[in-house]
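Chemist: Its first residue numbered 1, the sequence shown is counted upward by one per residue in full-length UniProt numbering.
Even for Gly, the Cβ is constructed at its ideal location relative to N, Cα and C.
The structure displayed is predicted, hence computed values, not measured ones.
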Amino acid sequence: MLNLIQDPMVSICFILLSSIIVDLLIGDPRWFPHPVIIMGKFISYLEARWNKGKNRKRKGLYLTITILFTVFIFTSSIVYFAFQLHPILGMVIEIYLISTTIAIKGLSSAAKEVLAPLLIGNLKQARFQLSMIVGRDTKQLPESEIVRGTVETVAENTVDGITAPLFWAMIGGAPLAMVYRATNTLDSMVGYKNEKFIDFGWASAKLDDLVNWIPARLTALAMWLASFVIKGSKKNHGVSITWRDARKHPSPNSGWSEAMVAGLLGVQLGGVNYYEGRKSERATMGDPLRVLVSSDIKKSIVYMHGGWIVFTMIGVCLLLLIGYIVY
1 MLNLIQDPMV SICFILLSSI IVDLLIGDPR WFPHPVIIMG KFISYLEARW NKGKNRKRKG
61 LYLTITILFT VFIFTSSIVY FAFQLHPILG MVIEIYLIST TIAIKGLSSA AKEVLAPLLI
121 GNLKQARFQL SMIVGRDTKQ LPESEIVRGT VETVAENTVD GITAPLFWAM IGGAPLAMVY
181 RATNTLDSMV GYKNEKFIDF GWASAKLDDL VNWIPARLTA LAMWLASFVI KGSKKNHGVS
241 ITWRDARKHP SPNSGWSEAM VAGLLGVQLG GVNYYEGRKS ERATMGDPLR VLVSSDIKKS
301 IVYMHGGWIV FTMIGVCLLL LIGYIVY
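In structure tokens:
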């Protein structure tokens, strides 16, 4: 084990892969304190005190800097002192911290919890389970719309829930992975374009767009590469749809994985949603070559897994190659 630690790139790869295994095995148990909960409480505390009066855009920038600086220093210190006590302890701590930033098991389980009642025709329960993972109104949705909401969630969250934190972990270990998760948490809490947060959440929203820019595009590519071993994939269609539709999404990043999944499945995502009774319409992704069915949820999970596996394999190979050249 100590020989493993002496090779920096091998050590990084070991920590990264171990973090994935930990997430796959235990996910995020509700009984165990999660760093994101602590981040959320800190953000809420500062937001309540700073999001008022004048200069809200500047105050929002201060919030972003304060949260990210605190998370980086705190995480770096924990990892550093753990390694000082014992290298193996340091690796264990870093593995745990990175595992909390990814949600492979959680995303897969959430989608399956929508799928299970659909398979037995229980639309009421399926709508309820979908409402746990999306913000749109779900009480009146037919099966095809329940499937659409779930597939969109799986496709979009493959980036910010899996590949993006892995990307930043590859670059800067647990500290950058935790900073990424803090950025994502900031965006989810204050990055809204409503009267309350349009100025205060501006910096958080822009930074979230920035840190997801590369991972989002690489994830779409990874899903496409994975599709070569996934039966029934419309590979050429996936490329053309992604190139045509990805930029139509309101988010500069979410459209890439969503358009790729839509193209590979041969379905249409996006369109009309309702939020608290208010109609919201956004651009569609893909062509309606067929109607969405419950099995598309399972297929989207397969693309999610294929995407992060290929993404990780390429990342690990690049890290080992860099280690071979440099060291």
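1. Could you name each continuous alpha helix (DSSP H) segment of 4 residues or more that falls completely within the region 23–110, going from the start of the chain to the end?
2. In the DSSP assignment, what are the bridge partners of residue 278?
3. Excluding the 5 residues flanking residue 204 on each side, which residues of the same chain have their C-beta closer than 6 Å to its C-beta?
4. Can you tell me which of the three DSSP states residue 141 falls into?
5. What do you reckon, are the CB atoms on residue 252 and residue 282 nearer than 9 Å?
6. Quick one: what's got a C-beta closer than 8 Å to residue 34's C-beta in the same chain, skipping five residues either side?
7. Short check: CB of residue 183 to CB of residue 308, under 9 Å?
8. With a Cβ-Cβ cutoff of 9 Å, do residue 103 and residue 209 count as a contact?
9. Using the C-alpha atoms, what's the distance from residue 169 back to residue 176?
10. How many Å lie between residue 119 and residue 141 at the Cα?
11. Please name the residue, chosen from 167, 216, 146, that lies closest to residue 156 on a Cα-to-Cα basis.
12. Have a look at 260, 319, 311, 25 and flag the residue whose alpha-carbon is nearest the alpha-carbon of residue 96.
13. Using the Cβ count rule (16 or more neighbours within 10 Å means buried), how would you classify residue 98?
14. Taking the beta carbon of residue 47 as the centre, do at least 16 other beta carbons fall within 10 Å, making it buried, or is it exposed?
15. What would DSSP say about residue 266, mapped onto helix, strand or coil?
16. If residue 78 and residue 93 are in contact, beta carbons under 8 Å, what's the gap, nearest whole angstrom?
17. State the beta-bridge partners of residue 304 as determined by DSSP.
18. Below 8 Å on the Cβ atoms is my contact criterion, and I expect residue 266 with residue 290 to pass it. Report the Cβ-Cβ distance as a whole number of Å.
19. Between residue 147 and the rest of its own chain, which residues show a CB-CB distance below 8 Å, the 5 nearest in sequence each way excluded?
20. Which of helix, strand or coil does DSSP assign to residue 132?
21. Given that a residue counts as buried once 16 or more other Cβ atoms are within 10 Å of its Cβ, and exposed if not, what is residue 319?
22. Once you ignore the five residues that flank residue 174 on each side, which residues in its own chain have a CB closer than 7 Å to its CB?
23. Let me know the alpha helix (DSSP H) ranges lying completely inside the region 226–263, each 4 residues or longer, listed in chain order.
24. Give me the Cβ distance between residue 230 and residue 306, rounded to the nearest whole Å; I'm assuming they're in contact under 8 Å.
Modeler: With the structure as the only source:
1. 35–50, 56–85, 87–99
2. 275
3. 64, 186, 187, 190, 191
4. coil
5. no
6. 28, 100
7. no
8. no
9. 6 Å
10. 16 Å
11. 216
12. 25
13. buried
14. buried
15. coil
16. 6 Å
17. None; residue 304 has no bridge partner.
18. 6 Å
19. 118, 292, 293, 294, 296, 297
20. coil
21. buried
22. 75, 79, 94, 97, 98
23. 235–245
24. 6 Å
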